[in-house]
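The block underneath contains the structure these notes are about, expressed in structure tokens.
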Amino acid sequence: IALNAGILLVLFPVSLFLGPVMSMCAKSFGGIIAGIAHAWAVLNLVICFMILWFMENWKFGVTLLGLTASMFLQRAIFSLLMFLFLTREFGHDGANVAWWTGKWVSAGLGWMAVTQPAREFVCKIVELSLFATDYIAAHLIWFMLAPLALIPFIDKWHSMMLFWLRPSKQIRPPIFSLRQRAQRRRASILYGILFVVTFVFFLAIIVGPLAIGNII
Numbered sequence: 034i035a036l037n038a039g040i041l042l043v044l045f046p047v048s049l050f051l052g053p054v055m056s057m058c059a060k061s062f063g064g065i066i067a068g069i070a071h072a073w074a075v076l077n078l079v080i081c082f083m084i085l086w087f088m089e090n091w092k093f094g095v096t097l098l099g100l101t102a103s104m105f106l107q108r109a110i111f112s113l114l115m116f117l118f119l120t121r122e123f124g125h126d127g128a129n130v131a132w133w134t135g136k137w138v139s140a141g142l143g144w145m146a147v148t149q150p151a152r153e154f155v156c157k158i159v160e161l162s163l164f165a166t167d168y169i170a171a172h173l174i175w176f177m178l179a180p181l182a183l184i185p186f187i188d189k190w191h192s193m194m195l196f197w198l199r200p201s202k203q204i205r206p207p208i209f210s211l212r213q214r215a216q217r218r219r220a221s222i223l224y225g226i227l228f229v230v231t232f233v234f235f236l237a238i239i240v241g242p243l244a245i246g247n248i249i
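Counting from 34, one number per residue, gives the positions in the sequence shown under our numbering.
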């Protein structure tokens, strides 16, 4: 929580003073700032897990229990923060966009633009922590389900189990042009490489400390 709050305190003046100017030449400036913050949140969670694992003498089961206890403690802190500091949210997404882009004047918040940064600061602390947890959990589930995607005709079996549709009754795949096929092939290759790199990274996080712990 403290490390996520720290990166938000660092990025807030960057977006506040550079955002309105940089947004004129780089439309994705707000997205870049948000990406940096969320990437740091994931890296922060991984580092904390590795430190906890090291302190527990590379005992994975005990470390997992400690991580679970810390997550429940964070959940209690988040509930308290949301109860005490989070006021009613606006109907639009102006405050969220203004936090990353620094455009508080044109966010349509009126005089509330003076108090909204404090509210968004608390909101973003909760958001980064929950995002990091969801990111790790979703990727672990993704890795476990990935081998099933290699089974031939698994999509038809999935449709049968999900919608109770026989193969003859299922929706047939659309016919793509040569250009669309090439685009889909490039996207498949790109995301396939990204999947392998991410899987190797997660595998190194788990296998590396176990190997080092056995040697030590």
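Quick reminder that beta carbons are idealized off the backbone N, C-alpha and C, glycines included.
State the Cα-Cα distance for the pair residue i and residue j, rounded to the nearest angstrom.
i: R121; j: P242; result: 45 Å
i: N90; j: F235; result: 20 Å
i: F87; j: F62; result: 37 Å
i: L211; j: A59; result: 33 Å
i: R217; j: H191; result: 22 Å
i: C156; j: L119; result: 7 Å
i: S48; j: P150; result: 12 Å
i: D188; j: W197; result: 13 Å
i: Y168; j: R205; result: 32 Å
i: A146; j: L173; result: 39 Å
i: F111; j: W144; result: 27 Å
i: L227; j: R219; result: 12 Å
i: V229; j: F164; result: 22 Å
i: L223; j: G64; result: 21 Å
i: I84; j: A102; result: 15 Å
i: L178; j: A244; result: 26 Å
i: Q213; j: S221; result: 12 Å
i: R108; j: F50; result: 33 Å
i: S139; j: I40; result: 24 Å
i: F186; j: L113; result: 49 Å
i: A215; j: M193; result: 29 Å
i: L195; j: A170; result: 23 Å
Taking Cβ to Cβ, would you say residue i is nearer than 8 Å to residue j?
i: L106; j: F82; result: no
i: E153; j: A128; result: yes
i: A38; j: I208; result: no
i: T148; j: M104; result: no
What distance in whole Å lies between the Cβ atoms of residue j and residue i, which are believed to be in contact at a cut-off of 8 Å?
i: F176; j: F116; result: About 36 Å; that fails the 8 Å criterion.
i: N77; j: L142; result: The pair is not a contact, with the Cβ atoms about 29 Å apart (cut-off 8 Å).
i: I238; j: V79; result: 6 Å
i: I66; j: S162; result: About 18 Å; that fails the 8 Å criterion.
*Any contact of the region 89 to 103 with the region 174 to 182, i.e. 3+ C-beta pairs under 8 Å?*
no
*For the region 131 to 138 and the region 51 to 58, state whether three or more C-beta atom pairs, one from each stretch, are separated by less than 8 Å.*
yes
*Does the region 37 to 49 come within contact of the region 57 to 73, defined as at least 3 CB pairs closer than 8 Å?*
yes
*Segments assigned alpha helix (DSSP H), at least 4 residues, entirely inside the region 88 to 176*: 93 to 118 and 127 to 134
*For the region 181 to 234, list the alpha helix (DSSP H) runs that are entirely contained and at least 4 residues long, ordered along the chain.*
187 to 196
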